[in-house]
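In order, the protein sequences belong to chains A and B. Using this note's numbering, the first residue of the first sequence is number 4, and each one after it goes up by one. Using this note's numbering, the first residue of the second sequence is number 1379, and each one after it goes up by one. The beta-carbon is built from N, C-alpha and C at its ideal position, and this holds for glycine as well. Working notes for the structure below.
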Amino acid sequence: MLKLEKLTKVYKTGDKALSEVDMEVPKGQVIALIGPSGAGKSTLIRCINRLVSPTGGSVILDGVDVTSLGSSGLRRERRRMGMIFQEYALVERLSVMENVLSGRLGYVGFFRSFFRKFPQSDVDEAFRLLDRVGLLHMADKRADELSGGQRQRVGIARALIQDPAVLLVDEPTASLDPKTSREIMRLIVEMCEERKLAAIINIHDVSLAQMFVQRVVGLKMGRIIFDGAPNQLTPDVLTEIYGEEDWEATIEAVDDDDYDADDVDGEGKKGEA
Amino acid sequence: MPTRINSKNVKVWQVRDRNGQLLRWAMWMTAAILFYLSWMKISAETTWYFFFDAPRIAADIGTRAFPPRWEYITSLGKPIWDTFNIATLGTVIALVIAVPVAFLAAQNTTPKIPLHPWAVGFIPPFVRKFIMTTTGEDVYSAGLIRPFALLVIVSSRSINSLIWALLLVSIVGPGVFAGLLAISIRSIGFCAKLLYEAIEEIDATQVEAIRATGASGWQVMVYGIVPQILPAFAGIAVFRWDINIRESTVLGLVGAGGIGLQLQGSLNILAWPQVSLILVVILVAVILGEWISAKVRAAII
């Protein structure tokens, strides 16, 4: 459904952030993108919706080459790619509801959005999503009154109201505590399952990634050097991606978590105890 | 090198090396000498008789000015209302023009339209170089919109509103209209400068997030940028209004309307009790303006 072909990005400074990345994401698959800082994970995600313009190769979403589109075509394709950010990137001085509805900006005209006159169907969907992420009572609060976890839930609602085909998720848990991190990851993965969404999730926390995703892609120096199931991540592979380190502890921790992850309710209760 | 190894083979660290230290010392020395020379010159050119006489003259004028001529207040109502209107309308007009100028001047919102190579040929090389060093970008790739917006800001700011008023009185004739124009022209640069600095400081990821939803350029502006600069905008507006109330009180001195006209008239006929009353009225107006702007600022932030 989403296909990257020889995607390349060379920054003006001459840094080659991505070199000829080939990748295919089938419908409904959730992928974790791991790799050291500076490997090009953020650049890869931003090249897909062209917040960063790639310098070579193409991004093909359901047969449409996103890299060759003009500005109105690009806007139309961006609507189908929901994005979730590390620092939530909510517009702090707007209300929760306005932030969620801003996900519909690609669908409504300028004056409707200027006067906040969104179609009733959008408003209904916004309330439904806020209810789903557990923030219905916060609809009229200003975004800067929310906690980190709550803000990220609003971020998720904003991405989902776009009715996207794919979610681009940039370090969703990097600013959150361990428990909230798991809740947010679980929410994202559940939402993808419910709506048959594909997702690419940049993530630093390898064990957290292993808990939730079906496929892991390892990026290093702008190249894909690992692509496989989470349980194929051996200490050797992690050494190849990140460099020499004792990886046994990370992987063992993952095995423990895996038991918990199978029994979602049990894990939640254990977490609170 | 701040870090070096001394004769005893110890690694020492200092903030500055020897030359840097000497240079600083020399600069302080030059400053001290300059201060001394200036002091000598000023002292030599002062007529000390006037200086020592000043308290007596001031006391004399003070006694003549007191008590203020309270019944004169009836003819001050209209002028102070004019002054107030010049300040308010002037600020509003300035803001209407300053907002687009600020968006064109801010690095992160200005449209960068590369100049055609053919057109670049018409720009004198030294102008091109000057633009390059002041804006950090070549006209060849970034175009002339930002340099032009910055020029508007600088030219409006470089001339005091009293001088604008002098010019405008000769162009549009004496009266409130000249004052209004003077205040708004002077305020454009002030408001646009503060506003474009606020625009340059916004959080880029919030804008990025709105862009990622497929929003159009104008929607990104309304949802991503405007909410972030709204507090700064309100602060700038009331701050400038506050300044403009004070500035418009003197515009009448050059014939540009407002209470300054009465002030000048009274000064010319040495009617000190009227002068003191006018000063009291101005003081009250300024305090009132200050109070209102403080209230507005508190309500927004």
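Item to check | For Asn52(A) and Leu132(A), the rounded distance between their alpha carbons | outcome: 23 Å
Checklist entry - Can you find a C-beta in chain B that's less than 8 Å from the C-beta of Glu90(A)? => result yes
Checklist entry - Taking 8 Å as the CB-CB cut-off, is Ile1580(B) touching chain A? => result no
Checklist entry - What residue range is occupied by the uninterrupted alpha helix (DSSP H) comprising Lys182(A)? => result 181-198
Next on the checklist: Using a Cβ distance threshold of 8 Å, determine whether the region 58-69 of chain A contacts the region 138-147 of chain A, with at least three qualifying pairs required.
Outcome noted: no
Item to check | Member of Gln89(A), Ala212(A), Lys15(A), Leu139(A) whose CA lies at the smallest distance from the CA of Glu234(A) | outcome: In the sequence under discussion, the amino acid at residue 234(A) is Asn, which differs from the Glu named in the question. Cα-wise, what sits closest to Asn234(A) is Ala212(A).
Item to check | Complete runs of the beta strand (DSSP E) confined to the region 79-130 of chain A [at least 3 residues] | outcome: 84-87
Item to check | Proximity to Met4(A) [Cα-Cα], best of Val55(A), Phe117(A), Ser22(A), Met26(A) | outcome: Met26(A)
Checklist entry - Is it the case that the Cβ atoms of Gly1521(B) and Lys1490(B) are separated by a distance below 8 Å? => result yes
Checklist entry - How would you call Glu128(A), buried or exposed, if buried means at least 16 neighbouring beta carbons within 10 angstroms? => result buried
Item to check | is_contact[Ala1590(B), chain A] using C-beta, thresh 8 Å | outcome: yes
Next on the checklist: So Gly1602(B) contacts chain A; which residues on that side make the cut at Cβ distance below 9 Å?
Outcome noted: Val94, Ser105
Checklist entry - Hey, out of Lys1389(B), Val1479(B), Ala1593(B), Ile1588(B), whose CA is closest to Tyr91(A)'s CA? => result Ile1588(B)
Item to check | Beta-carbon contacts of Arg156(A) that lie in its chain and below 6 Å, excluding the five residues immediately before and after | outcome: Val136, Leu138
Checklist entry - When DSSP builds the beta bridges, which residues end up paired with Leu236(A)? => result DSSP output for Leu236(A) lists no bridge partner at all.
Next on the checklist: Going residue by residue through the region 1423-1473 of chain B, where are the continuous alpha helix (DSSP H) segments of at least 4 residues, counting only ones entirely within it?
Outcome noted: 1426-1443
Item to check | Identity of the residue in Gly112(A), Glu101(A), Ala160(A) nearest Trp1596(B) by Cα | outcome: Gly112(A)
Checklist entry - Can the beta-carbon of Arg226(A) be found less than 8 Å from the beta-carbon of Ser22(A)? => result yes
Item to check | 3-residue-minimum beta strand (DSSP E) runs that sit fully inside the region 9-55 of chain A, ordered along the chain | outcome: 19-28, 33-37
Item to check | C-alpha gap between Val24(A) and Leu7(A), whole angstroms | outcome: 7 Å
Checklist entry - Taking DSSP as the reference, what is the three-state secondary structure of Asp268(A)? => result Low confidence applies to Asp268(A): its pLDDT is 43, below 50, so where it sits in the model is not reliable, and the reading given next is rough at best. It is helical.
Next on the checklist: Quick check on Asn52(A) - is its C-beta less than 8 Å from some C-beta in chain B?
Outcome noted: yes
Checklist entry - Listing by chain order, which chain B residues have their CB less than 7 Å from the CB of Arg78(A)? => result Gly1592, Ser1594
Next on the checklist: Are the CB atoms of Ala1472(B) and Ile1566(B) within a distance shorter than 8 Å?
Outcome noted: yes
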